[in-house]
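*Asks:* Below is one structure. I have some questions about it.
Written out as structure tokens, the structure is:
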């Protein structure tokens, strides 16, 4: 079992729709969770961090964390073509090093 | 505030050679982590340095090594290069690497092995 798993995608949504990205992790002592966006040919860019159960909203982005289910998700409301990118879920495990999922490629169609 | 700076941006080497990559973290950041990114394996953790000491290490062979200097700048070295080492090498920095401190990435060094 991989340490951090994401729905493989690719995911395609129409402009204005909600994009839902999911991530599960295996290390129960994980404490912090991050979502990064990576455009093709570019480096990952931090868009959200979440540390406690529940929802965290930042503009059009909402991160959701459920530690009991070892599940974290990212919702993108009113998706725009500029949101088209690969989204990486990252988890800081018990030994404090960061593990990344393989990423989900999102395409927002105008 | 300047971001994470990696040099060089592109590098072409041949099998058997060695290479050194450089990373300057965001000012004030003391933790530096290195990652290898390939299409097949995604982002894989190499190692993390803090206060000139390697604090965490991923599952890479001993050909991959690094160090950190007193000004927090870090270098990564790969010896006896193999074709499979072709990848994007990313450096990320954070304040102290604490659990609630996100990492910020540089633009990466793209290494091609011929």
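Residue numbers (the numbering used here), protein chains in the order written: chain U, 504 to 613; chain B, 96 to 209. Note that the Cβ used here is the ideal one computed from N, Cα and C, for glycine as well.
Would residue 92 (chain B) and residue 176 (chain B) be called neighbours here (beta carbons separated by less than 8 Å)?
*Replies:* As displayed, chain B neither begins before 96 nor continues past 209, which places residue 92 (chain B) out of reach and without an answer.
*Asks:* Assuming the contact rule is C-beta atoms closer than 8 Å, residue 128 (chain B) and residue 143 (chain B) should be a hit. Round their C-beta distance to whole Å, please.
*Replies:* 4 Å
*Asks:* Please report the distance separating the alpha-carbon of residue 171 (chain B) from that of residue 123 (chain B).
*Replies:* Straight-line Cα distance between these residues: approximately 20 Å.
*Asks:* How about residue 515 (chain U) and residue 610 (chain U): do their beta carbons lie closer than 8 Å?
*Replies:* yes
*Asks:* Would a check of beta-carbon distances place residue 567 (chain U) closer than 8 Å to chain B?
*Replies:* No - not a single Cβ of chain B is within 8 Å of the one on residue 567 (chain U).
*Asks:* Does the beta carbon of residue 564 (chain U) sit closer than 8 Å to a beta carbon anywhere in chain B?
*Replies:* no
*Asks:* Can you find a CB in chain U that lies within less than 8 Å of the CB of residue 198 (chain B)?
*Replies:* Residue 198 (chain B) belongs to the set of residues whose beta carbon lies under 8 Å from a beta carbon in chain U.
*Asks:* Examine chain U for any beta-carbon lying closer than 8 Å to the beta-carbon of residue 203 (chain B), and answer yes or no.
*Replies:* yes
*Asks:* Between which two residues does the beta strand (DSSP E) harbouring residue 510 (chain U) extend?
*Replies:* First-last for residue 510 (chain U): undefined, no H or E at that position.
*Asks:* When you compare the CB of residue 154 (chain B) with every CB in chain U, is at least one pair closer than 8 Å?
*Replies:* no
*Asks:* Just list the residues that DSSP pairs residue 185 (chain B) with in beta bridges.
*Replies:* B:130
*Asks:* By alpha-carbon positions, which one of U:570, U:519, U:535 and U:565 ends up nearest to residue 602 (chain U)?
*Replies:* U:535
*Asks:* Pick helix, strand or coil for residue 585 (chain U), following the three-state DSSP scheme.
*Replies:* Of the three classes helix, strand and coil, the one that applies to residue 585 (chain U) here is helix, per DSSP.
*Asks:* What residues in the segment 589–611 of chain U have a beta carbon less than 7 Å from any beta carbon of chain B?
*Replies:* 591, 595, 598, 599, 600, 601, 602, 603, 605 and 606
*Asks:* May I ask you to list the residues that DSSP assigns as paired with residue 205 (chain B)?
*Replies:* In DSSP, residue 205 (chain B) forms a bridge with B:105 and B:183.
*Asks:* Going along chain U, which residues have a C-beta under 7 Å from residue 137 (chain B)?
*Replies:* Neighbours of residue 137 (chain B) in chain U, taken as residues at a C-beta separation under 7 Å, are given in chain order as 603, 605 and 606.
*Asks:* Hey, is the segment 130–139 of chain B in contact with the segment 99–116 of chain B, meaning 3+ C-beta pairs nearer than 8 Å?
*Replies:* Output reads no: the segment 99–116 of chain B does not touch the segment 130–139 of chain B.
*Asks:* Would you call the segment 580–590 of chain U and the segment 522–540 of chain U in contact, with 3 or more CB pairs under 8 Å?
*Replies:* Per the Cβ contact rule, the segment 580–590 of chain U is in contact with the segment 522–540 of chain U (3 or more Cβ pairs under 8 Å).
*Asks:* Compute the Euclidean distance between the alpha carbons of residue 200 (chain B) and residue 578 (chain U), then round it to the nearest angstrom.
*Replies:* 23 Å
*Asks:* Measure the C-alpha to C-alpha separation of residue 537 (chain U) and residue 553 (chain U) and round it to an integer number of angstroms.
*Replies:* 6 Å
*Asks:* Are the beta-carbon atoms of residue 104 (chain B) and residue 205 (chain B) separated by less than 8 Å?
*Replies:* yes
*Asks:* Which residues in chain B have a C-beta closer than 7 Å to the C-beta of residue 547 (chain U)? List them in chain order.
*Replies:* 200
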